[in-house]
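Student:
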Amino acid sequence: MKTRTILLAATCIGAAMLTVASAQAAKQTAAQMILGTSKAVCVNPHPSHAKLSSLVVGFSQSQGNQNPFRAEETRSLREAAHQVHAKRYIYTNAHSNEAKQVADVESMINQGAQALVIAPLNSTGLQPAFAQAVAKHIPIITIDRETAGTHCSDFLSFVGSDFYNQGVIDGRELAKATGGHAVIAEIQGAYGNSVETARTKGFAAAISKYPGMKVIAAQTGNWSTTDAQKVVSQILLAHPDVNAIYTQSDTMAYGAITALRDAGKKPGQVKIVTIDGTKQGVQDIVSGWIYADDETNPRFGPIAMHEIQNWLDGKPVPQKITIRDHLYTPANAKAALASGVPY
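To convert, note that position 105 of the sequence shown is 107 in the working numbering; the numbers rise steadily by one, no gaps.
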């Protein structure tokens, strides 16, 4: 009996040490992934000091996981919840339906979620879900896309890339690829989306410094490979002198490449810069179709869990956290693929 008691105690101590070690590992990972934070913070006026291992955590995904970015984002949240030993993890996917995402969040709350991570589909529309969470004092971290709401009340923090700077970087890379002389087709994301708006403005600011670079056509590809292919094909018919394409996502770059192939173009003949940093996108750099691909890092899980724990402990949570991204170019694409970093 005594031996059994000792073994049970040792098991409990081991489990506790594992929880602490996992939390420390998550903290280190989060710190390594953060590029910058806002000075404005949120602080819990009534910290519970509860551990995530005792809480039910929910994640609301906005789009299907056939998109590599969404698949990696979903994996990151699931693994981070497992790493902190969340009592239970609830996952929902709105599949690009705004009303469903609101219903998903409300459903998770009804299932007992005590902390939420939400990847908003649109810049507005989540207010009813936020209101229910606020009524039950449920902390929310938003990721990837900014949405309407008030920091510290509707949600604590937004974690995402610097979307404006992504546009700036792609503009600079395209200037480098074309020597500052380009007839550009710009394939934008879905309109009314904060990501599309920022990437459009950043790119415009960058190429404004190069008089020889002109956007001859700018149309939405709706983040879709099929839509982008159709749009680029139409643009090439109307403007056969296009020698550069800026797509705001890798999914749309794939469509642009297909359109270029159909038009008889060869790799590198039309310079493409894009954003996401998927494995396929980086492979397309190696094959010569893409010149530069600025990563949108989808690995939000460790940061989200770390900041929720900070909120529970009464520690300051930055209202905006910028995640660290990679830039893939012909100089580093092969090495990046060999290292397994692109998702």
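A virtual CB, placed ideally from N, CA and C, is assigned to each residue, including glycine.
Residue range of the beta strand (DSSP E) that Val-119 falls in?
Tutor: Against the sequence shown, residue 119 aligns to sequence position 117. Segment 117-120, the beta strand (DSSP E) holding Val-119.
Student: What is the residue span of the alpha helix (DSSP H) that Leu-37 lies within?
Tutor: Within the sequence shown, the letter at position 35 stands for residue 37. Counting along the chain, Leu-37 falls outside any alpha helix (DSSP H), though it belongs to the beta strand (DSSP E) covering 36-39.
Student: For a minimum of 3 consecutive residues, which ranges assigned as the beta strand (DSSP E) are wholly contained in the segment 47-76?
Tutor: If we require 3 residues or more, the beta strand (DSSP E) runs fully inside the segment 47-76 come out as 58-63.
Student: Alpha carbon to alpha carbon, what distance is there between Val-197 and Val-104?
Tutor: Against the sequence shown, residue 104 aligns to sequence position 102. Against the sequence shown, residue 197 aligns to sequence position 195. C-alpha separation (whole angstroms): 20 Å.
Student: If we require 3 or more residues per run, which beta strand (DSSP E) segments fall completely within the segment 77-164?
Tutor: Complete beta strand (DSSP E) runs here, min 3: 90-95, 117-120, 142-145, 159-162.
Student: Could you tell me if Ser-226 is buried or exposed, where buried requires 16 or more neighbouring beta carbons within 10 angstroms of its beta carbon?
Tutor: Translated into the one-based positions of the sequence shown, residue 226 becomes position 224. It counts as buried.
Student: Can you check which of these residues, His-241, Ser-159, Gln-168, Ile-209, is closest to Ile-305 by C-alpha distance?
Tutor: As a first step, residue 305 must be located in the sequence shown, where it is residue number 303. With distances taken between Cα atoms, Ile-305 lies closest to Ser-159.
Student: Does Ala-177 come out as helix, strand or coil in the three-state DSSP assignment?
Tutor: Position 175 of the sequence shown, counting from 1, holds the residue named residue 177. If DSSP states are grouped into helix, strand and coil, Ala-177 belongs with the helices.
Student: With a 10 Å radius around its C-beta and 16 neighbouring C-beta atoms as the bar for buried, classify Val-161 as buried or exposed.
Tutor: For the purposes of this step, residue 161 is identified with residue 159 of the sequence shown, where counting begins at 1. Under this definition Val-161 is a buried residue.
Student: Quick check: the Cα distance between Gly-316 and Arg-77, rounded to an integer number of angstroms?
Tutor: Position 314 of the sequence shown holds residue 316. Position 75 of the sequence shown holds residue 77. Distance between the alpha carbons of Gly-316 and Arg-77 is about 28 Å.
Student: Bridge partners for Ala-246 per DSSP, in chain order?
Tutor: Mapped onto the sequence shown, residue 246 falls at position 244. Note: Ala-246 sits in a beta bridge opposite Ile-186, Lys-273.
Student: Can the beta-carbon of Gly-303 be found closer than 7 Å to that of Glu-81?
Tutor: Translated into the one-based positions of the sequence shown, residue 303 becomes position 301. Translated into the one-based positions of the sequence shown, residue 81 becomes position 79. Yes, Cβ-Cβ distance for Gly-303 and Glu-81 is below 7 Å.
Student: Taking only three categories from DSSP, how would you classify Ile-292?
Tutor: Translated into positions along the sequence shown, residue 292 becomes position 290. Three-state result, Ile-292: coil.
Student: Hey, could you find the ends of the alpha helix (DSSP H) Thr-202 is sitting in?
Tutor: Position 200 of the sequence shown, counted from the first residue, corresponds to residue 202. Taken as a continuous stretch (DSSP letters only), the alpha helix (DSSP H) holding Thr-202 covers 196-209.
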